[in-house]
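Below is one structure, written out as structure tokens; comments come after it.
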């Protein structure tokens, strides 16, 4: 090996060494790319599974669910979950326009979730007052987590699908600390309910 | 005083006595609204500072758990207010606000201490890197000097050889 070769080798080793020793400082200024950021809202049955998720419901019976939110936004988030009830013809959230349903929010949850964490809470509902007359089902009352709500949602018999179909909807909103406002996160979970006598 | 004047006075007195009773539900309702709005603003403010503390590198797990309790109380107050069950709305909202205020001041403290801590770590990292690089370059220079001297000595010690037909 010639002295010239040694010189080149030493220059290469020195440059690599400088980069290695400077890497902690470089890491202070260069942030690694953040992965995909998203939030998830889900609903499970009373056994924390998709089994036992109610579909055929009757007035006077309490049904139990679990509502959960997964925060993959890379930082802590302040979520609001709005529970809404409508019939099968009611407006649903628009995923293209990213707008929530125009139905009024009955019940609200507020959850502060760490980045990467999951928040889960029970949700019980019971149709407290309903009537069935002349192919029309009318809901007058619902209890959400034991809070009674007066409603009036009449619905004609759906002859195509043979049932009275209602939607229990939970929409997810997030608080934006920069704009100091809550915005709809374009995430919702829908539970179709067939009201039976 | 004639009979009409006495009746008029009685009517006016009755109205004056009844007026606060008629107004009471509105006053009560606005009290609840003010409580809920104040709690909402406090939680928003506290969350903003918790987020700032988190960005500064602080561990906000405990603070967020406390703020979650405040959020649950605010939601409870909100839900009860919505259905007109005003009994515990103010107390729930006030508890939520006081928890949020406490979290807010703790979050500000955590954010400040985290900023100072991260500045110290940053400074230590820079100093460590500069010293390490300087020492490494010096060592490499010494290695180079040694190699060069060795090579020179070897060159000077070598005997000249005449090669024939060397191109």
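Protein chains in written order, with the working numbering: chain L, 35 to 231; chain U, 44 to 210. Here a beta-carbon is modelled for each residue, glycine too, at the ideal position from N, C-alpha and C.
Minimum Cβ-Cβ distance from residue i to chain L less than 8 Å
{"i": "residue 172/U", "result": "yes"}
{"i": "residue 201/U", "result": "no"}
{"i": "residue 181/U", "result": "no"}
{"i": "residue 207/U", "result": "no"}
{"i": "residue 117/U", "result": "yes"}
{"i": "residue 68/U", "result": "In this prediction, residue 68/U scores a pLDDT of 47, lower than 50, which makes its location untrustworthy; the coordinate-derived value is nonetheless stated afterwards. No, residue 68/U lies away from the interface with chain L (no Cβ there is under 8 Å from its Cβ)."}
{"i": "residue 114/U", "result": "yes"}
{"i": "residue 46/U", "result": "no"}
{"i": "residue 97/U", "result": "yes"}
{"i": "residue 65/U", "result": "Because the pLDDT of residue 65/U is 49, which lies under 50, any placement of that residue in the model is unreliable, and the number read from its coordinates should be weighed accordingly. So, not an interface residue."}
{"i": "residue 147/U", "result": "no"}
{"i": "residue 132/U", "result": "no"}
{"i": "residue 111/U", "result": "yes"}
{"i": "residue 90/U", "result": "yes"}
{"i": "residue 165/U", "result": "yes"}
{"i": "residue 53/U", "result": "no"}
{"i": "residue 158/U", "result": "no"}
{"i": "residue 137/U", "result": "no"}
{"i": "residue 175/U", "result": "yes"}
{"i": "residue 211/U", "result": "With chain U running from 44 to 210 in the structure shown, residue 211/U is simply not present."}
{"i": "residue 94/U", "result": "yes"}
When the options are compared against residue i, the one with the closest alpha-carbon
{"i": "residue 227/L", "options": "213/L, 203/L, 211/L, 214/L", "result": "203/L"}
{"i": "residue 137/U", "options": "108/U, 125/U, 197/U, 118/U", "result": "118/U"}
{"i": "residue 132/U", "options": "198/U, 190/U, 80/U", "result": "80/U"}
{"i": "residue 172/L", "options": "119/L, 36/L, 105/L, 45/L", "result": "119/L"}
{"i": "residue 157/L", "options": "96/L, 47/L, 122/L", "result": "96/L"}
{"i": "residue 187/L", "options": "63/L, 123/L, 144/L, 58/L", "result": "123/L"}
{"i": "residue 155/L", "options": "55/U, 53/U, 178/U, 111/U", "result": "111/U"}
{"i": "residue 161/L", "options": "88/L, 93/L, 82/L, 52/L", "result": "93/L"}
{"i": "residue 111/L", "options": "120/U, 129/U, 86/U", "result": "86/U"}
{"i": "residue 177/U", "options": "51/L, 115/L, 42/L", "result": "51/L"}
{"i": "residue 193/L", "options": "66/L, 169/L, 214/L", "result": "169/L"}
{"i": "residue 121/L", "options": "201/L, 146/L, 89/L", "result": "201/L"}
{"i": "residue 128/U", "options": "157/U, 191/U, 95/U, 75/U", "result": "75/U"}
{"i": "residue 197/L", "options": "91/L, 212/L, 113/L, 56/L", "result": "91/L"}
{"i": "residue 153/U", "options": "48/U, 104/U, 205/U, 73/U", "result": "104/U"}
{"i": "residue 84/L", "options": "231/L, 230/L, 225/L, 229/L", "result": "225/L"}
{"i": "residue 218/L", "options": "113/L, 189/L, 145/L, 211/L", "result": "113/L"}
{"i": "residue 56/L", "options": "203/U, 208/U, 169/U, 197/U", "result": "169/U"}
{"i": "residue 144/U", "options": "57/U, 109/U, 190/U", "result": "109/U"}
{"i": "residue 238/L", "options": "140/U, 173/U, 91/U, 106/U", "result": "Since the first and last residues shown for chain L are 35 and 231, residue 238/L lies out of range."}
{"i": "residue 130/U", "options": "46/U, 78/U, 83/U, 197/U", "result": "78/U"}
{"i": "residue 167/L", "options": "146/L, 145/L, 231/L", "result": "231/L"}
{"i": "residue 62/L", "options": "164/U, 155/U, 82/U", "result": "164/U"}
{"i": "residue 138/L", "options": "148/U, 139/U, 126/U, 50/U", "result": "126/U"}
{"i": "residue 94/U", "options": "209/L, 229/L, 220/L, 221/L", "result": "209/L"}
{"i": "residue 145/L", "options": "140/U, 116/U, 149/U", "result": "116/U"}
{"i": "residue 89/U", "options": "203/U, 148/U, 193/U", "result": "148/U"}
{"i": "residue 70/L", "options": "106/L, 89/L, 189/L", "result": "106/L"}
{"i": "residue 174/U", "options": "54/L, 176/L, 126/L", "result": "54/L"}
Cutoff 8 Å: residue i Cβ touching any chain U Cβ
{"i": "residue 144/L", "result": "yes"}
{"i": "residue 109/L", "result": "yes"}
{"i": "residue 207/L", "result": "no"}
{"i": "residue 134/L", "result": "no"}
{"i": "residue 6/L", "result": "Beyond the ends of chain L as shown, which are 35 and 231, falls residue 6/L; an answer cannot be given."}
{"i": "residue 40/L", "result": "yes"}
{"i": "residue 181/L", "result": "yes"}
{"i": "residue 62/L", "result": "yes"}
{"i": "residue 37/L", "result": "yes"}
{"i": "residue 159/L", "result": "no"}
{"i": "residue 112/L", "result": "yes"}
{"i": "residue 162/L", "result": "no"}
{"i": "residue 20/L", "result": "There is no way to answer for residue 20/L, as the model of chain L reaches only from 35 to 231."}
{"i": "residue 154/L", "result": "no"}
{"i": "residue 219/L", "result": "no"}
{"i": "residue 120/L", "result": "no"}
Beta-bridge partners of residue i, as assigned by DSSP
{"i": "residue 215/L", "result": "210/L"}
{"i": "residue 113/L", "result": "145/L, 208/L"}
{"i": "residue 228/L", "result": "90/L, 199/L"}
{"i": "residue 124/U", "result": "In DSSP, residue 124/U forms no bridge with anything."}
{"i": "residue 223/L", "result": "204/L"}
May I have a chain-ordered list of the beta strand (DSSP E) segments no shorter than 3 residues that lie completely inside the stretch 118-198 of chain L?
141-147, 152-167, 170-178, 181-190
Three-pair Cβ contact test at 8 Å for the stretch 174-182 of chain L versus the stretch 129-137 of chain L:
no
Which runs of the beta strand (DSSP E) spanning at least 3 residues fall entirely within the stretch 67-105 of chain L, listed in chain order?
72-78, 90-92
Taking 8 Å as the cut-off, does the stretch 66-76 of chain L touch the stretch 204-215 of chain L (at least 3 CB pairs, one atom from each stretch)?
yes
State whether the stretch 99-116 of chain L contacts the stretch 140-155 of chain L, with contact taken as three or more CB pairs (one from each stretch) at a distance under 8 Å.
yes
Would you say the stretch 121-135 of chain U touches the stretch 180-191 of chain U, given that touching needs at least three Cβ pairs under 8 Å?
no
Pair every Cβ in the stretch 93-108 of chain U with every Cβ in the stretch 149-162 of chain U, then say whether three or more of these pairs are closer than 8 Å.
yes
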